[in-house]
Amino acid sequence: METPYLSIAEIEAKYPNEWVLLDRPKVNHKTLEVLGGRVILHCQTRKAFDEELLTAPRVKTSASVYTGRMDLDVVLSARL
Amino acid sequence: MTAQFDVGRSHIPVQGYISGPGADQYVWFALDTAATRTVIRPRFLRLIGCNLNHPISRLQMTAAIGIATAPVVNVGRIIALGHQRDTFEVIAHDLPATFAGEGLLGLDFFQGMILSIDFVDGLIALDRKKPPRSKWWLFGR
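Chains as they are written, first to last, in this note's numbering: chain W, -12 to 67; chain G, 193 to 333.
Set out below in structure tokens:
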């Protein structure tokens, strides 16, 4: 059954601090900001999200969003 | 194109788009000026149809946590900050679970462009180099 379209504010309220995969996202094509979509997957941890991605329904266009603050302290870099 | 970011955050998130052989994705990247190459989580590359079992090559990469060998694959298109790269090589490598994005935008994405980061006002701009001004006044001499 197809899930209803939700705005990003509705998604953040319904699935706080979760990783969410959206089908057919509505985006601002200039900024690429995700404005909403149909939730096909949501998980409370990144590990669970990665595992669920393997069996998630295959869709043509999707969006991955995190509904919490993206300010966790991590050191990132990749150098060859 | 100029975008805003929160200077109080620990990294610079950038909204982006990736297309692969089978699907396309809107994702969050972190801009990483210490990364020479763009890195994407392997699970997301698989989701857009990239075959990690047959990479273009494998590269040894040095990350903050050590040295690892990772596959390199082509994505059809990658867009961020109003800039588009077609048939772009990315490294498939896992990123920390505490990082909410799907990849790191490395320096290779910004080659040939002017990247400006304003840590006072929280602005990031990516522009093409403007052609030099014509020195029309020299012709009259």
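Positions of the beta carbon are idealized from the N, C-alpha and C atoms, including for glycine. Quick caveat, the model's predicted, so the values are computed rather than measured.
| Query | Result |
| --- | --- |
| Sequence-distant residues of its chain with Cβ nearer than 6 Å to W:H29 (five each side left out) | Y2, E5, V7 |
| Nearest residue (CA-CA) to G:V199, options G:I316, G:N245, G:L251 | G:I316 |
| For G:I283, the nearest candidate out of G:G258, G:Y209, G:P213, G:D300 (CA to CA) | G:D300 |
| Candidates W:F36, W:S49, W:R25, of which the one nearest W:I102 by Cα | Since the first and last residues shown for chain W are -12 and 67, residue 102 of chain W lies out of range. |
| G:K322, DSSP secondary structure in three states | coil |
| Closer than 7 Å at the beta carbon, the chain G residues around W:R70 | Lying outside -12 to 67, the shown extent of chain W, residue 70 of chain W is not represented and no answer is given. |
| Proximity of G:A222 and G:L273 at Cβ, strictly below 9 Å | no |
| Beta-carbon contacts of G:K335 that lie in its chain and below 8 Å, excluding the five residues immediately before and after | Beyond the ends of chain G as shown, which are 193 and 333, falls residue 335 of chain G; an answer cannot be given. |
| Residue environment, G:G258, which counts as buried when at least 16 other CB atoms sit within 10 Å | exposed |
| Same chain only: Cβ atoms within 7 Å of G:F248, ignoring 5 sequence neighbours per side | It should be noted that the sequence gives Ile, not Phe, for residue 248 of chain G. Correct list, in chain order: V264, V265, N266, E281. |
| Contact set for G:H275: own chain, Cβ-Cβ below 7 Å, skip 5 residues either direction | M305, L318 |
| Within 7 Å of chain G by C-beta, residues of the region -4 to 27 of chain W in sequence order | P12, V14, T18, L19, E20, V21 |
| Rounded separation between W:S(-6) and G:S326 - CA only | 49 Å |
| Pair within 9 Å by beta-carbon distance, G:I270 and W:L19 | no |
| Contacts of G:F197 in chain W (Cβ-Cβ under 7 Å) | In chain order: nothing, as chain W lies at least about 10 Å away. |
| Partner residues on chain G for W:Y53, Cβ-Cβ distance less than 9 Å | W220, A292, G293 |
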